[in-house]
Amino acid sequence: MADDQKLTTREADFGAWYNELVLKSELADYSPVRGCMVIRPNGYGIWERMQRAMDDMFKETGVQNAYFPLFIPESYLHKEARHVAGFAPELAVVTIGGGKVLEEPLVVRPTSETIIYAMFAKWVQSYRDLPLLINQWCNAVRWEMRTRLFLRTMEFLWQEGHTAHATAEEGEAETRLILGIYRRFMEEWAAMPVVTGRKSESEKFAGALRTYACEGMMQDNKALQAGTSHNLGQNFAKAFDLKFQTEAGGTEFAWNTSWGVSTRMVGGLVMTHGDDIGLRVPPKLAPTELVVVPIYRAEEQRAQVLSVAHQIRSDLSKGASPVRVHVDARENMTPGAKYYDWELRGVPLRLELGPRDLEKAQGILVRRDSREKRPVPLAELSRTATETLAAIQHDMYTTARDRRDAHSYRGPITYARFREIIDGDGGFVYAGWCGTDACEAVIKEETKATIRVLPDPEFQSPDAPRTCVKCGNDATVEAMWAKAY
RNA sequence: CGGGGCGUAGCGUAGCCUGGUAUCGCGCCUGCUUUGGGAGCAGGAGGUCGCCGGUUCAAAUCCGGCCGCCCCGACCA
C-alpha cells in the first residue's frame, strides 16, 4: 500500500523519478496543450523567490525593468541572418488576427533581441544615453519537439536582459558581470554549484559574438545549462541601425549584450537536490522554510497545541531574521502522513509539536536534508531555526559541490578513457581541445557529449592539457565535456 | 519526423486473447472512533470504457479509421 506512494528511485530510473517528483510535489502539471505546462503554486512560489533574488541583484547594477510585446513582426527576425537561421525551426507564427489574414505574420517571441534593439535605436542618440540597461520578466515560446516539465517546454517563463554600451569593452564587462551574478545566485540561493565559461562557436547563441554560460551537474551526472550571457558585439546594432554620436562627434554602432535565466532553473533545483523521498528546497528559495505539525489527542490538547503553533509562527515571522512558517492544521491527516507530505514537498525544516513537548516547553526540529531530529526549547526556537536554515543552505551547497567534484575528471586522458566515462556513469570531463569544429563534431557524434564550456580560469585545471583528446594535436584550450539536457 | 507504449471514475489499475453492460486500490462525501512516521470501521457518491464507423441478438473486448498523450532517437533556455 505504501509502495505506490513511494517515488521511483533515482537509481532505478532518473527520468521517471524526476517526472513523478514534479507531479506529486505539485510543482507543475501537464497542460491540455502538448508540450506546455501549468506551474502550480508550489513551483511558482519557488520561481517567485528566484525572481526576487535575481531582480534585486540586477537592479543593484543599474538595470531597470520594462516590458516589450509578445508579438514581433516576422521581418524583424530576418534582419540578423544568423539569428533567424537559429530560431526559424522553432518559431510559432500568428498569421490570422481578428478573422483576417495578416499583411505581415507576427512571430510569438522566442527571445526579444530584435524588437528590443529596434526600440533602442529609437531611444539612443548620443553616448550620453548609454549604457542602456533593460530587463524584462516574461514568457517566451519555442516550438520544441521533445519537451520535459520545466526543462524544456514550448512556453517558458524567464528574464531577458538587454543592454547597449558605447564600447566593446563595456559590453564585454557587462556580459561578464551578469554571468557573475548568475553564478552567485546559483551558488548562494539555489545551492547549486556551477562551472562558468565560454561556449564554443557551435554552441553559442544565434547572433552572438560570444556566449558565456553556467553549467550545473545534475544527479544523473548530466549537465544543465542554467543561465547564459551573450556578448552580441555590434551584430544587432548593425541590423537595427542602433547608432549613437560619440563624445568626439563621430557616429558608431552600439555594443549589445543579452542574458537570461528561465523556469528551467526550477527543474535544475529538483535534479540537483531532490532525493528518493522527494524534493529538497534550499531555504533561501523555499516559500515555506519551517512547517509546524501539531500533534494532539483530546480536544483541549488540540486547542493548546494549535495555540502554541500559531504563536510560534507569529514570533518567528518577526525580528531581525524572520522565518517563513506554515502551520499545518489539517484535521483529516495524521501527523505521520503530514511528515511524508512535507518531505515530498521539500520544506527545509519541520517542527513536531505535541502535548509531551509542551510539557517540556520544546518542539522536535527535523531537518529535511539530513532528516536529523532533535528537541529544541521553544525559547530558543527562533535562533535555532535561523541557524539551522543557514546550515541547511550551506550543507546543501557543499553536498552538491562534492558530488559534482566526485564526478569531474581532470588530467591527461585518452579518448578511450573519455568514452568510457561518458558512456558509463557520465560526468564532467576536462580535456584538451585543438579548437577545430571537426574534432568537436566527431566527439559529439560518437559520444553524444558536447563542450559545455571552455572553463573560466577559476575552473581550469592546474596543469593545462597539452593535447586534443580527439586528434592528439596541440590543444589550444581546455574544454569541459558532458552529456547535457 | 522515425521507433515503442498507453488511453476504462479525480488518480493508478483489472477485465480484452476466449463478446453477455465493468474489478480492485488510493482519493472524495457522511458518521463514529482516532491522531508522537502514510489511521480504523460502517455507509455512500462518482463511468458516453479516447473518438468515429463496422461485424454481431449483444462490443471495454473483434475489425477499420482517426485523435490524444507518454517514453526512446535527429534541433534547443
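Quick note: the first sequence, position 21, residue 377 per our numbering, numbers continuous. All C-beta atoms, glycine included, are put in the ideal place defined by N, C-alpha and C.
Contact set for residue i: own chain, Cβ-Cβ below 8 Å, skip 5 residues either direction
| i | result |
| --- | --- |
| D793 | E557, S558 |
| P396 | It is Arg, not Pro, that sits at residue 396 in the sequence shown. Excluding residues within five positions, the ones whose Cβ falls inside 8 Å are E382, L383, A384, D385. |
| G702 | S381, H629, G630, G634, L635, R636, V637, A642, R724 |
| M357 | Low confidence applies to M357: its pLDDT is 30, below 50, so where it sits in the model is not reliable enough to give any reading. |
| L458 | V450, T451, I452 |
| V649 | D684, P691, K694, Y695, W698, R706, L707, E708, L709 |
| L527 | Rather than Leu, the amino acid found at residue 527 in this sequence is Gly. Only T519, H521, N587, L588, G589, W611, N612, T613 meet the Cβ criterion. |
| L433 | H439, V440, F443, A444, L447, V463, T470 |
| E460 | P429, E430, S431 |
Other residues of its chain near residue i: CB distance less than 7 Å, five sequence neighbours each side excluded
| i | result |
| --- | --- |
| W373 | L363, T364, T365, R366 |
| T742 | S677, V679 |
| G391 | E500, T503, T509, M510 |
| A562 | R438, H439, A441, G442, F443 |
| C824 | G788, W789, C790, C795, A831 |
| V833 | W789, G791, L810 |
| Q749 | A547, P638, P639, K640 |
| T658 | One point to set straight first is that residue 658 is Arg, not Thr, in the sequence displayed. Counting only Cβ-Cβ distances below 7 Å, and skipping sequence neighbours, we find Y652. |
| F541 | A409, M410, M413 |
| L513 | W403, N495, S618, T619 |
Residues near residue i in its chain [Cβ-Cβ closer than 6 Å; skip 5 each side]
| i | result |
| --- | --- |
| D576 | F370 |
| S585 | T531, I534, L535, Y568, W615 |
| L462 | F427, V450 |
| A564 | H586, L588 |
| D309 | The chain is shown from 357 up to 841; residue 309 falls before or after that span and cannot be answered. |
| N421 | N491 |
Span separating the alpha-carbon of residue i from that of residue j
| i | j | result |
| --- | --- | --- |
| M501 | A444 | 14 Å |
| A835 | V551 | 11 Å |
| V732 | V664 | 14 Å |
| E416 | L489 | 12 Å |
| Y423 | Q515 | 11 Å |
| N491 | R465 | 15 Å |
| G719 | E736 | 10 Å |
| L426 | A448 | 11 Å |
| C827 | L505 | 38 Å |
| T740 | P711 | 21 Å |
| F476 | R706 | 50 Å |
| R620 | K555 | 19 Å |
| E544 | T467 | 27 Å |
| K537 | P818 | Reading the sequence as shown, one finds Ile at residue 537 and not Lys. Going by the C-alpha atoms only, they are around 25 Å apart. |
| S726 | D671 | 26 Å |
| D359 | E728 | Note that D359 scores a pLDDT of 45, beneath 50, so its modelled location is shaky; the value from the coordinates is reported in the next line. Going by the C-alpha atoms only, they are around 23 Å apart. |
| K594 | F600 | 12 Å |
| R498 | R566 | 22 Å |
| M393 | V798 | 35 Å |
| A820 | P704 | 41 Å |
| R405 | V622 | 11 Å |
Counterpart residues of residue i in DSSP-defined beta bridges
| i | result |
| --- | --- |
| G788 | E834 |
| S482 | Q601 |
| N491 | N421, G517 |
| V457 | I452 |
| D385 | V394 |
| I807 | W837 |
| P650 | L709 |
| L433 | Answer is none; L433 lacks a bridge partner. |
| V497 | E511 |
| E614 | For clarity, residue 614 is Ser in the given sequence; the question names Glu instead. BP columns for S614 point to H518, H586. |
| L447 | BP columns for L447 are empty, so no partner. |
| T644 | In the DSSP output, where bridge partners are listed per residue, T644 has none listed. |
Closer than 7 Å: residue i CB and nearest the ligand GTP heavy atom
| i | result |
| --- | --- |
| M573 | Because no ligand of any kind appears in the structure shown, any question about the ligand GTP cannot be addressed here. |
Bounding residues of the beta strand (DSSP E) (the contiguous stretch that carries residue i)
| i | result |
| --- | --- |
| S677 | Looking at the DSSP string, S677 is not in any beta strand (DSSP E), and its letter there is neither H nor E. |
| F427 | 427–429 |
| Q718 | 718–723 |
| T531 | No beta strand (DSSP E) contains T531, which is instead part of the alpha helix (DSSP H) from 524–540. |
| L709 | 705–709 |
| V622 | Taken as a continuous stretch (DSSP letters only), V622 belongs to no beta strand (DSSP E), being part of the alpha helix (DSSP H) at 620–629. |
| V551 | 550–554 |
Host alpha helix (DSSP H) of residue i (start-end)
| i | result |
| --- | --- |
| Q749 | 737–762 |
| W406 | It is worth fixing the name first, because residue 406 is Met in this sequence and not Trp. It spans 397–416 - the alpha helix (DSSP H) in which M406 sits, taken as one unbroken run. |
| P731 | Run containing P731: none in the alpha helix (DSSP H); it sits in the beta strand (DSSP E), 729–733. |
| T803 | 793–803 |
| Y374 | 370–380 |
| G692 | 691–701 |
| E656 | 655–672 |
| I778 | 771–779 |
What residue ranges within the stretch 561–611 form continuous alpha helix (DSSP H) runs of no fewer than 4 residues, ordered along the chain? Counting only runs of at least 4 residues, the stretch 561–611 fully encloses the following alpha helix (DSSP H) elements, listed from N- to C-terminal order: 591–595.
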